[in-house]
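Novice: Going down the list, the protein sequences come from chains Y and D. In terms of numbering that gives the first Met the number 0, the first sequence opens at residue 0 and continues consecutively. In terms of numbering that gives the first Met the number 0, the second sequence opens at residue 0 and continues consecutively.
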Amino acid sequence: MIILFWDQAGNGSDVTPGGRNYLVLTTNKIHFGDLVQIKKQLISVISLCKERGLLHSAKASELAFALDPLPKDELPPSPPFTEEDAQDLDALTLAKSYFDLKEYDRAAYFLKGCCSQKAYFLYMYSRYLSGEKKKDDETVDSLGPLEKGQVRNEALRELRVELSKKHIAGELDGFTLYLYGVVLRKLDLLKEAVEVFVEAIHALPLHWGAWLELSNLVTNIEMLKSLSLPDCWIKDFFMAHMYTELQMIKEALQKYQSLIEAGFSKSTYIISQIAVAYHNIRDIDQALALFNQLREQDPYRIDNMDTFSNLLYVKGMKPNLSYLAHNLVEIDKYRVETCCVIGNYYSLRSQHEKAALYFQRALKLNPRCLGAWTLMGHEYMEMKNTSAAIQAYRHAIEVNKRDYRAWYGLGQTYEILKMPFYCLYYYRKAHQLRPNDSRMLVALGESYEKLSQQVEAKKCYWRAYSVGDVEKMALLKLAKLHEQLNESDDAAQCYMLYIQDIFSCGEQLEHAEVSTALRYLGQYYFKNKLYDEASLCAQRCCDYNDAREEGKALLRQISQVRDQIETPSADLFAPLSNNTPVRRVSPLNLISFTP
Amino acid sequence: MDRALNKLILPLQQGPDLSLGQFLKTVEECCPQTAYAVKLKLHEMANGELKDMEYFFYDLPNPYIAFDSEAYKTSVVGLFMRHMFLAYDKLSFSQVYKLYKSLQQYYHSHYAKPSDGQVGLPALVADDSDMDLTNPEDAVGDRIDKEELDTPLHESELRNDNAPSRGPLSQKQAEYFLARQAYLLKNDENKALKPAALQEELNNMLKFNPDFAEAHYLNYLNSMRVQDIFLSAHSLLHYFDRLILSGNEGKSNGDEGYGRSLRYAALNLASLHCRFGHYQQADLALQEAIRIAQESNDHVCLQHCLSWLYTLEQTRGSDSTVLTEDSVKMAAHFCLPYLASLGIQSLVQQGATQGKTAHKLMDALKDTDILHWKHSLSELIEISLAQTTSIWRMYGKSTMALQQAQLLLNMSSLEPVNFGVQQNNTEAFAVALCHLAELHAEQGLYGAVSEILQHLKEQFPPHSQHAKLWMLCDLKIQFERHMNEGKYHLAEPLVTAISALNKTEGLYRKAQVLKALNRSTEAYSILQRLQVHCEKTKCTEVVIRVMLSTAELHWESSGFSTALPLLLQALALARQHHLQSLASETILHLAFTQLMLGVPEQALCVLHEACIEPVLAHGAVMDKGRALLLTARCQMAVAGFRPNGQGQADLRLAVLAVDTLKEAAAYFFRLNCKERLRDVHYLQAQLHRSLGQTSQCNKSAMLFRLLDQELQSPAPPVSMRL
């Protein structure tokens with residue numbers, strides 16, 4: 000069943016939380032009818048992966064765990080044992096134990112000449128892993144600075160040749176195809192890699208690793224649509240994953256919700272993915288709730304906890320973050336995620352040096368950890384070390400060109416260096432990647448304003464408001480801009496919208512400048528002789544400390560003018576106010592605005 | 000060790016890394032024995048085991064302790080060896096092995112190349128030691144092969160796979176590569192790698208070391224070549240982002256390096272936008288650069304900003320003389336000869352268009368030239384020569400212009416290092432060559448013109464920055480030629496192309512074609528529009544030419560007296576700006592008007608006094624012919640000829656007119672200008688008849704008849720055209 004999230008407001012950018020207004024469509028597209036069957040498939044694929052030393056089949060186990068246990072007689076039979084398998088059994092067992100001890104070369108040596116598929120895969124896989132291990136070791140002692148990025152896995156090319164021979168002969172099974180794809184990807188032959196992964200998926204749809212590798216290679220939705228994938232229940236997991244990657248959060252949430260409905264409600268994997276998705280669209284509360292749920296179910300989990308800490312950071316929840324950090328340190332302090340959480344913790348406590356230190360540690364553990372580079376950039380920004388910040392952001396961009404936060408950070412850095420024109424480029428990049436994020440638009444608008452390009456600035460602010468302003472600043476800035484340009488009607492309109500916006504969101508924002516808006520509106524109405532509205536605004540002004548005096552002064556002025564007018568005739572006033580050439584702004588319904 | 004070998008040490012130590020072949024060759028040139036020894040030692044090490052290399056290092060110190068040895072501690076070799084030992088001692092165990100491996104690779108790659116399909120060598124041999132700059136196309140070809148054959152089967156495929164990516168370059172090789180390519184891009188683009196190939200090479204380099212900032216800059220230059228705004232902006236910003244990091248470690252030139260690169264980053268961004276014609280963006284970026292530079296009191300940077308500011312103002316068409324003068328003064332004060340003389344050159348250019356006297360301009364140029372030679376600013380010397388050419392040309396002194404252009408083209412490069420580049424492809428050269436082509440076209444030497452244009456096309460391929468210069472020049476020459484030959488239908492389509500390159504020029508040419516096609520009303524309205532526009536933008540040359548064309552339109556409606564004030568105005572303008580060729584042309588027009596108004600004596604007088612001489616000396620062939628034809632007509636009129644052949648003629652003058660016409664005919668013949676040739680023959684026939692030379696008269700009449708038949712268009716009244 001497909002369940003659509005239907006946002007009643009029609010805004011489209013947001014998914015209404017709470018799950019009350021789903022429309023349930025009754026097309027029965029996903030074949031989850033037989034959960035028992037799925038469970039069986041999962042169990043068998045897990046054992047296949049285990050035999051081959053593919054350790055990252057944990058996802059499948061997680062899923063299997065989420066489903067109800069099977070009765071004993073329902074357990075799937077172990078795969079048939081062929082003649083070849085019997086022949087290689089001893090060598091395979093020996094090699095597998097070496098493999099488990101990370102003695103890859105040794106394992107490969109004993110597997111040489113084995114002919115069963117299983118042994119062949121393990122043979123190739125251990126050769127691949129040995130190359131990778133050596134590569135990692137070599138990076139430490141390279142001969143010169145230019146050689147830094149040059150260390151390569153020397154085994155890759157040999158593996159490619161051997162595998163391609165077998166590939167043409169059609170002798171590769173799902174697992175070896177997967178390995179072939181990995182080799183191709185490491186050699187930067189991406190197009191071929193995609194083809195091979197698709198083939199691998201067709202051969203063995205249940206192997207999540209191949210799907211995951213494929214997901215790293217898909218760069219846009221068109222490419223995703225053009226792939227021909229087997230119609231299997233696991234495809235839905237893949238699609239959901241892809242939607243999250245491609246920032247199509249609405250579709251992703253939809254998919255995950257339907258998966259939960261279909262019977263995977265206990266899966267921690269799905270919960271974490273939904274939480275990450277909510278995080279991406281900045282629905283913080285929803286995401287926090289899910290993460291808390293996740294931690295209850297799986298208290299020793301470290302994956303995704305950096306995202307959780309980001310959320311806690313944004314919310315400023317110091318005690319929770321501190322608890323999380325200490326907890327993770329107890330579990331494993333040498334994990335990238337742990338370091339990131341600690342970095343966030345220190346950052347929240349304004350100990351930026353220490354925070355940067357922990358992000359650095361995270362990067363030592365995994366130099367391709369994108370989030371850490373960006374976060375480190377933020378820390379350097381806090382420490383006013385702009386050049387180091389630029390470096391960090393640039394690294395982040397190198398890892399992933401589509402990291403909008405790094406682009407935004409670079410823009411901010413140059414803005415701090417008072418180079419508004421220069422930072423435009425970076426903000427524009429960021430905006431390009433997140434066209435519907437108001438923060439970039441506001442930043443762009445501010446830069447344009449500094450360059451006295453008011454027309455562009457106005458466009459940016461208006462657009463920021465239109466896509467749903469997170470910080471509620473765009474309208475205020477727009478109004479001020481109009482005010483500067485003496486466009487009083489537009490300014491009044493914007494202030495009005497601003498006030499409505501602020502009060503409708505319910506919570507008090509610390510930077511809110513309602514008083515400024517009210518003050519301006521009061522003056523505006525007064526000038527246009529709309530005294531009722533003016534006095535209303537003036538009264539509201541008196542609620543705020545900084546505008547109280549002005550409010551009172553305005554009230555006095557109004558009563559004075561009224562006295563003068565009322566002496567001639569009340570009739571004269573009515574046509575006069577209607578004839579005001581100004582576009583009449585709809586009066587406020589201030590009653591509902593009581594803070 | 001002898002002297003030659005000692006001299007070799009320094010370049011080897013400081014130069015880029017060589018391939019083994021090159022290395023052995025250079026050593027062999029000065030000392031064959033040493034080369035042999037080196038080869039032997041290398042062979043021993045590369046074909047032996049690790050211990051051989053270890054033994055080499057173990058063995059070396061012996062000569063180095065001995066006092067009288069060449070390799071004593073303080074000698075160049077000794078110093079180098081001590082460096083080497085220190086580096087070697089620092090290596091960890093696995094690094095030593097790696098060093099040995101790369102030595103082996105270095106050695107074998109040299110011997111592997113000639114014999115291609117050698118099986119004995121491991122497939123891993125990467126010829127990383129050789130940059131292979133000589134035939135980059137091959138490398139690209141290999142790569143394409145690789146992409147096509149995505150199903151390799153043999154071991155040899157592997158090597159193919161490996162060779163193009165070529166793997167790591169050493170730091171020095173990379174730097175050398177970048178310097179060389181950047182130099183070639185600046186001076187002779189055709190010798191540099193093709194844009195795509197260079198991009199590939201740079202991507203490869205950056206893949207291995209993303210911190211290599213200079214590569215980003217070259218990337219920026221490369222994308223400018225293909226007019227890719229996105230990539231060039233991206234690379235430029237990336238370069239400066241990287242530079243800011245390295246600059247932080249301390250540039251020792253006074254102020255903090257980090258802020259400095261920020262300023263120049265903004266300035267470079269401005270120049271980028273300027274080159275792509277985004278003047279508003281450029282202005283914003285420039286303001287920013289100026290502001291930051293002011294805040295940090297960086298006068299040198301401010302100076303650069305100022306020179307960009309006046310350039311920007313100029314391109315927008317506003318007067319920037321004051322700014323430029325300021326810039327020159329300040330630049331001189333801060334001892335920036337380059338900027339100062341660049342400013343002076345810009346001033347000279349402005350002065351020339353505003354009618355400053357010639358000697359002032361030439362003086363200024365001479366002064367800057369002294370400065371240039373002193374600081375050997377070869378770029379500016381070239382510009383200065385090209386500028387002199389243009390100024391002479393503008394004044395209508397074609398011989399001087401020709402001479403200056405030749406001077407520039409025959410000058411050998413002054414650059415301290417030139418990578419075998421003979422002819423620079425800077426803007427100055429393009430300008431000089433274009434002038435040369437036009438000068439030849441004026442003399443009707445179309446063979447030479449096409450050769451020059453061919454050369455231009457090769458030197459400045461159509462996508463390059465200065466290609467528009469020769470494109471316009473080419474079109475103008477073709478246009479003139481068609482107009483002279485009376486093939487207006489061929490000239491018409493060229494107008495569109497000219498308008499695309501230069502709007503004003505296009506409009507003017509359009510008016511000319513319309514005039515020739517007798518669509519006078521349209522032509523007139525265009526000319527009016529053009530005149531207003533050009534007076535606003537101070538294009539004096541075009542204004543005068545427009546006036547002349549307008550006067551010609553007046554003639555067509557027999558408004559000779561209305562044309563007079565216009566022509567006088569044009570003459571005044573031309574004299575004021577010292578535009579000699581235009582002045583003579585105006586006088587030609589004046590004389591014609593006078594002839595038509597019935598004062599041929601006056602006309603003849605004016606012609607002899609002020610026109611014939613400069614035209615014959617400097618003018619184009621067409622002008623020479625026209626001047627002579629007009630003289631002959633005046634002479635005939637003075638002699639008392641009537642079209643109907645009545646009246647008594649002065650025979651002495653008639654003989655003179657015959658000679659003049661003969662000369663004019665020769666000029667028109669050279670240009671294949673049949674219409675005017677027909678007029679000439681007509682007049683000749685008349686003259687001969689009145690002189691009683693019947694045979695010659697018949698001959699001229701026959702020639703006239705032939706041309707008349709060929710041209711088919713009815714002969715316009717012979718009197719109505721210059």
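Think of the CB as a built atom: it goes at the ideal place given N, C-alpha and C, for glycine as much as any other residue.
1. Within 8 Å (strictly less), CB to CB, does A3(D) reach chain Y?
2. Answer with yes or no whether the minimum CB distance from L23(D) to chain Y is below 8 Å.
3. Three Cβ pairs or more, each shorter than 8 Å: is that satisfied between the region 318 to 333 of chain D and the region 354 to 366 of chain D?
4. Could you run through the region 384 to 409 of chain Y and flag, in chain order, every residue whose CB is less than 7 Å away from some CB of chain D?
5. Could you work out which residue in R675(D), L408(D), V299(D) is closest to L629(D) when comparing CA atoms only?
6. Tell me the rounded alpha-carbon separation between S487(Y) and T412(Y).
7. Compare the C-alpha of E548(Y) against each of L517(Y), R433(Y), A202(Y), R184(Y) and name the closest.
8. What's the call for R334(Y), buried or exposed, on a 16-neighbour Cβ count within 10 Å?
9. Please list the residues of the region 211 to 237 of chain D that have a C-beta atom closer than 8 Å to any C-beta atom in chain Y, keeping them in chain order.
10. Taking 8 Å as the threshold (C-beta atoms), are I586(D) and L743(D) in contact?
11. Of the choices C672(D), Q172(D), A590(D), whose alpha-carbon is the least far from that of R632(D)?
12. By Cβ distance, which residues of its chain are closer than 7 Å to I476(D), with the 5 residues on each side in sequence left out?
13. Output, in chain order, the set of chain Y residues within a Cβ distance shorter than 7 Å of D240(D).
14. Does L283(D) have its Cβ less than 8 Å from a Cβ in chain Y?
15. Excluding the five sequence neighbours on either side, which residues of its own chain have a C-beta within less than 7 Å of the C-beta of I273(Y), listed in chain order?
16. What does L450(Y) touch in chain D if you count any residue whose Cβ is under 9 Å from its own?
17. May I have the straight-line CA-CA distance separating N218(D) from L62(Y), to the nearest angstrom?
18. For the candidate residues Y312(Y), D89(Y), I330(Y), A154(Y), whose alpha-carbon lies nearest to that of I301(Y)?
19. Taking the C-alpha atoms as reference points, what is the distance between C538(D) and R224(D)?
20. For the region 33 to 45 of chain Y against the region 234 to 247 of chain Y, do three or more pairs of beta-carbon atoms, one drawn from each stretch, fall closer than 8 Å, so that the two count as touching?
21. Hey, does L261(D) have any beta-carbon neighbour from chain Y nearer than 8 Å?
22. Tell me which residues share the same chain as L660(D) and place their Cβ nearer than 8 Å to its Cβ, disregarding the 5 neighbours each side in the sequence.
23. As a quick exercise: from C540(Y), L228(Y), V181(Y), pick the residue whose alpha carbon is nearest that of A202(Y).
24. Rounded to the nearest angstrom, how far is the Cβ of M393(D) from that of L578(D), given a contact under 8 Å?
25. Whole-angstrom Cβ separation of Q180(D) and A191(D), contact assumed at under 8 Å?
26. List the residues of chain D whose Cβ lies closer than 7 Å to the Cβ of Y426(Y), in chain order.
27. I need the DSSP call for A354(Y), collapsed to helix, strand or coil.
28. Distance check for D436(Y) and L346(D), CA to CA, integer angstroms please.
29. On a Cα-Cα basis, can you pick out the residue from T218(Y), S214(Y), N219(Y) that is closest to D235(Y)?
30. For L416(Y), return the contacting residues in chain D, with the cut-off set at a CB-CB distance below 9 Å.
31. So the candidates are H462(D), G505(D), G258(D), T388(D); which of them puts its Cα closest to the Cα of L432(D)?
32. Compute the Euclidean distance between the alpha carbons of A562(D) and E534(D), then round it to the nearest angstrom.
33. Classify M495(Y) as buried or exposed, calling it buried when 16 or more other Cβ atoms lie within 10 Å of its own Cβ.
34. Going along the chain, which residues of the region 347 to 363 of chain D sit with their C-beta nearer than 9 Å to a C-beta in chain Y?
35. Using the Cα positions of C334(D) and D368(D), report the straight-line distance between them to the nearest angstrom.
36. If you measure from the beta carbon of F420(Y) to each beta carbon in chain C, is any gap under 8 Å?
Specialist: Let's see:
1. no
2. no
3. no
4. S386, I389, Q390, R393, E397
5. R675(D)
6. 34 Å
7. L517(Y)
8. buried
9. F211, A232, L236, H237
10. Residue 743(D) lies beyond the stretch modelled for chain D, which goes from 0 to 721, so this question has no answer here.
11. A590(D)
12. A436, E437, A440, V448
13. I389, R393
14. yes
15. L252, Y255, L289
16. L283, Q286, E287
17. 49 Å
18. I330(Y)
19. 31 Å
20. no
21. yes
22. L627, L628, A631, V679, L682, Q683, L686
23. L228(Y)
24. 7 Å
25. 5 Å
26. Under the 7 Å cutoff, chain D gives no residues; its nearest Cβ is about 12 Å from Y426(Y).
27. helix
28. 50 Å
29. S214(Y)
30. G258, L261, I291
31. T388(D)
32. 19 Å
33. buried
34. none
35. 16 Å
36. Annotation note: the requested chain C is absent from the structure, which comprises protein chains Y and D.
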